[in-house]
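Participant:
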Amino acid sequence: MLFFLWEVDCIVVELRSFIDRIRRESPEEFLTISREVDPRFEITALVVKLEQERRFPILFFEKVKGTKFPVVTNVHSARRRLASAIGSEPRAAVANYLRKIEHPLQPVEINGSAPVKEVVLKGDQVDLRCLPQIVHHQDDAGPYLTAAITLAKDPLSGRLNCSFNRLMFIDKNHTSIHLTLAKHLWECYTNAEKLGQPLQVAVILGAHPAWSLGALNIGSIDEEEFYLMGALAGEPIEVVSAETMDLQVPARAEMILEGEILPFERVDEGPFGEFTGYSLGSRKREVFVIKAITHRRDAFLHDIAVGHLDHLLLSTIPMEANLFRSVRAMVPSVKAVRIPAPFTCYVSIEKKTEGQGKNAILAVLGSDLYIKHVIVVDHDIDIFDDQRVQWAVGTRCQADRDVTIIGNVGGSDLDPSDLKDGVSAKMGIDATAKPRLDSFTPRHRVPQELLDHMDLKDYVPAAWLAKKDGAR
Ligand SMILES: Cc1cc2nc3c(=O)[nH]c(=O)nc-3n(C[C@H](O)[C@H](O)[C@H](O)COP(=O)(O)O)c2cc1C
Ligand SMILES: [Mn+2]
64 MLFFLWEVDC IVVELRSFID RIRRESPEEF LTISREVDPR FEITALVVKL EQERRFPILF
124 FEKVKGTKFP VVTNVHSARR RLASAIGSEP RAAVANYLRK IEHPLQPVEI NGSAPVKEVV
184 LKGDQVDLRC LPQIVHHQDD AGPYLTAAIT LAKDPLSGRL NCSFNRLMFI DKNHTSIHLT
244 LAKHLWECYT NAEKLGQPLQ VAVILGAHPA WSLGALNIGS IDEEEFYLMG ALAGEPIEVV
304 SAETMDLQVP ARAEMILEGE ILPFERVDEG PFGEFTGYSL GSRKREVFVI KAITHRRDAF
364 LHDIAVGHLD HLLLSTIPME ANLFRSVRAM VPSVKAVRIP APFTCYVSIE KKTEGQGKNA
424 ILAVLGSDLY IKHVIVVDHD IDIFDDQRVQ WAVGTRCQAD RDVTIIGNVG GSDLDPSDLK
484 DGVSAKMGID ATAKPRLDSF TPRHRVPQEL LDHMDLKDYV PAAWLAKKDG AR
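Position 359, counted from 1, in the sequence shown is what my numbering calls 422; the numbers after and before it change by one each time, with no gaps.
#1: Go through its chain and collect everything with a Cβ distance to F503's Cβ below 6 Å, but skip five positions before and after it.
#2: How long is the line joining the alpha carbons of G340 and E413, rounded to whole angstroms?
#3: At which residue ranges does the segment 263 to 347 contain complete alpha helix (DSSP H) runs of 4 or more residues, listed in the order of the chain?
#4: Under 9 Å, do M382 and N422 count as touching if we go by C-beta distance?
#5: What alpha helix (DSSP H) runs, 4 residues minimum, are completely inside the segment 443 to 479?
#6: Pick out whichever of Y433, H241, V466 and E105 has its Cα sitting closest to the Cα of V439.
#7: Is L184 near V138, with beta carbons less than 9 Å apart?
#8: Relative to ligand 1, is the shortest distance from any of its heavy atoms to the C-beta of F338 smaller than 8 Å?
#9: So what's F104 in DSSP terms, helix, strand or just coil?
#10: With C251 as the anchor, note down where its alpha helix (DSSP H) starts and where it stops.
#11: What does the alpha-carbon distance come out to for the pair A155 and V369?
#12: Pull up the distance between the alpha-carbon of L291 and that of P153, whole angstroms please.
#13: Could you tell me if the beta carbon of K246 falls within a distance shorter than 8 Å of some heavy atom in ligand 1?
#14: Suppose you measure from the CA of L514 to the CA of Q453; what does that come to, to the nearest Å?
#15: In the DSSP assignment, find the alpha helix (DSSP H) that holds P381 and state where it starts and stops.
#16: CA-CA distance, H166 and E125?
#17: With DSSP as the reference, label E349 as helix, strand or coil.
#18: When the distance is taken between beta carbons, is S411 closer than 9 Å to I444?
#19: Bridge partners for A399 per DSSP, in chain order?
#20: Assuming E181 and R359 form a contact by the criterion Cβ under 8 Å, report the distance between their Cβ atoms to the nearest whole angstrom.
#21: Please determine, among A399, E286, H271 and K483, the residue with the shortest C-alpha to C-alpha distance to L248.
#22: Just to confirm, are E256 and F327 a CB contact at a threshold of 9 Å?
#23: Here's the rule I'm using: 16 or more other beta-carbon atoms within 10 Å means buried, otherwise exposed. How should Y522 be labelled?
#24: With DSSP run on the structure shown, which of helix, strand or coil describes V440?
#25: With DSSP run on the structure shown, which of helix, strand or coil describes I149?
#26: What separation, rounded to the nearest whole angstrom, lies between the Cα atoms of A210 and V264?
#27: Using only alpha-carbon positions, find the residue among I402, F387 and P403 that is nearest to S396.
#28: Buried or exposed for R86, please, with buried defined as at least 16 other CB atoms from any protein chain shown within 10 angstroms of its CB.
#29: Run the proximity test for L377: is its beta-carbon closer than 8 Å to any non-hydrogen atom belonging to ligand 1?
#30: From the DSSP output, which residues share a beta bridge with Y207?
#31: So which of M231, F132, S151 and L482 has the shortest CA-CA distance to K347?
#32: Here's the rule: buried if 16 or more other CB atoms are within 10 angstroms of the residue's CB, otherwise exposed. What is L65?
#33: Which of helix, strand or coil does DSSP assign to H241?
#34: Would you call the segment 118 to 136 in contact with the segment 200 to 208, where contact means no fewer than 3 C-beta pairs closer than 8 Å?
#35: How many Å lie between P178 and F132 at the Cα?
#36: Less than 9 Å between the C-beta atoms of A296 and A148, yes or no?
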């Protein structure tokens, strides 16, 4: 079947033109699913099935049962794709990210018609049940929106905040919303609640990956992600006024939900299969009431496969960028930072003075709410190789001297091992050689000169060398 996705202008920064570029430049990274699928499990199941085959294409589901809206998922599940969204090579993504956010871009208001306003539904016309009701995992309490970026204005400072927050459908105009304790949206919300007011928010659905990476920036509440989103995309975000509130929303999103997070209201939310890879039980969460839905005439719903590569790659690049920046402020010779698993961070440094391993630990634990375990190694260790990191821990570390544990610290409320919601112990392992690598017991080695001049052909039969099987 010849399939034309959308008529798009590729210079424009929006999710659909990004997808269209991937489809044209690397057709193997894009799949259209034409048969009808059940939004209950079947969309996530295809992601999982392909994941088992080590395939990670963007998936475009043309026909989804119960809705006229197609679904796009798995957009972020390749590092190369994500890096390309900010004009970067995969290995340079963190460095590029940091360079770009140094120059925030003010959004520009567009005149005339905005794509996201092609359809405007207000008041009684609002019915969330027209959207794809995607149930991701078996134990989930119901359908969720997972690629939702919440744009809010802090009622005290007037500053804008953006963050991803999942929404669980409740009825035609209500969802729950999950606000991590002590994160910025929670701060804006509690400021509004103290004033007895609802918090007005616009939820952005269908964001260019550069916007998503910007929304996930970890920084001060005074840093407005909305300006960083444009900076990362290389173009200011084009905005238009919302229909029901004093906020400007991206004109080139696929959909916007306008509404309020209600003060003092809570609702049962979950269980939900989390980014941690676990399904956590039901909790009381805040309530979002939707006042207007606006969308493109041919809008699709953007979904993120929660807890899969689509989700994990997207969130780790901004976290690694923040951690690299924070460690570099303390240890200028930091080489790399990696988040290999939930709540876990590896750092490699070229240690120049005693104690810098612990400085790096403090910098990481002091600048990210989620991280609870940090391992710091010397620069000769490749932190993208877990086995080498474990080797350094095994051979350069004494627990009584090099392990630091701080109890009762604020952390993630989604950690299945915590005893109290959002309260965590934090641990740092300084696995750098003490006092310094250059004075540590040397590693075993043979003379490099000998290796350089050694030709295997002089020692072993050619036939054996040619064999590529396990016997070799
Ligand atoms: C797909 C996805 C879903 C997320 N869902 C939530 C969520 O439901 N609640 C939440 O507090 N954070 C969630 N996060 C993490 C926050 O968006 C992230 O920590 C963000 O930086 C917080 O913004 P802030 O620094 O302005 O507080 C999610 C992240 C991703 C990538
Ligand atoms: Mn913020």
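For each residue, glycine too, the CB sits at the ideal point set by N, CA and C.
Facilitator: Reading off the structure:
#1: Closer than 6 Å at Cβ, skipping near neighbours: A496.
#2: Near 34 Å, if we compare the C-alpha coordinates of E413 and G340.
#3: Complete alpha helix (DSSP H) runs here, min 4: 272 to 278 and 288 to 296.
#4: M382 places its beta carbon 9 Å or farther from that of N422.
#5: If only complete runs of 4 or more residues are kept, the segment 443 to 479 shows the alpha helix (DSSP H) at 449 to 459 and 462 to 465, in order along the chain.
#6: When only C-alpha atoms are compared, the closest one is V466.
#7: Taking 9 Å as the Cβ cut-off, L184 and V138 do not qualify as a contacting pair.
#8: At least one heavy atom of ligand 1 is nearer than 8 Å to the Cβ of F338, so yes.
#9: Three-state result, F104: coil.
#10: C251: member of the alpha helix (DSSP H) spanning H247 to K257, first to last residue.
#11: Rounded to whole angstroms, A155 and V369 show a C-alpha spacing of 25 Å.
#12: When rounded, the distance between both Cα atoms is 20 Å.
#13: K246: yes, Cβ under 8 Å from ligand 1.
#14: Inter-residue distance for L514 and Q453 is about 27 Å (C-alpha atoms, whole angstroms).
#15: Residues L372 to M393.
#16: Computed Cα separation, rounded: 38 Å.
#17: Strand.
#18: Taking 9 Å as the Cβ cut-off, I444 and S411 qualify as a contacting pair.
#19: Answer is S411, bridged to A399.
#20: Cβ atoms of E181 and R359 come within 8 Å of each other, at about 5 Å.
#21: The residue from A399, E286, H271 and K483 with its alpha-carbon nearest to that of L248 is E286.
#22: A distance below 9 Å separates the beta carbons of E256 and F327.
#23: So Y522 counts as exposed.
#24: Strand at V440.
#25: Note: I149 maps to coil in three-state DSSP.
#26: If you take the alpha carbons of A210 and V264, they lie about 15 Å apart.
#27: Nearest option by C-alpha distance: F387.
#28: So R86 counts as buried.
#29: Checking every heavy atom of ligand 1 against the Cβ of L377, one is found closer than 8 Å.
#30: Bridge pairing for Y207: M231 [DSSP].
#31: The shortest Cα separation from K347 among M231, F132, S151 and L482 belongs to M231.
#32: Here L65 scores only 33 on pLDDT, less than 50, and its place in the model should not be relied on; the value that follows carries that caveat. Exposed, by the Cβ-count rule.
#33: Three-state result, H241: coil.
#34: Taking one beta carbon from each stretch, the segment 118 to 136 and the segment 200 to 208 have fewer than 3 pairs nearer than 8 Å; the two do not touch.
#35: Roughly 16 Å between the two C-alpha positions.
#36: For A296 and A148, yes; Cβs fall inside 9 Å.
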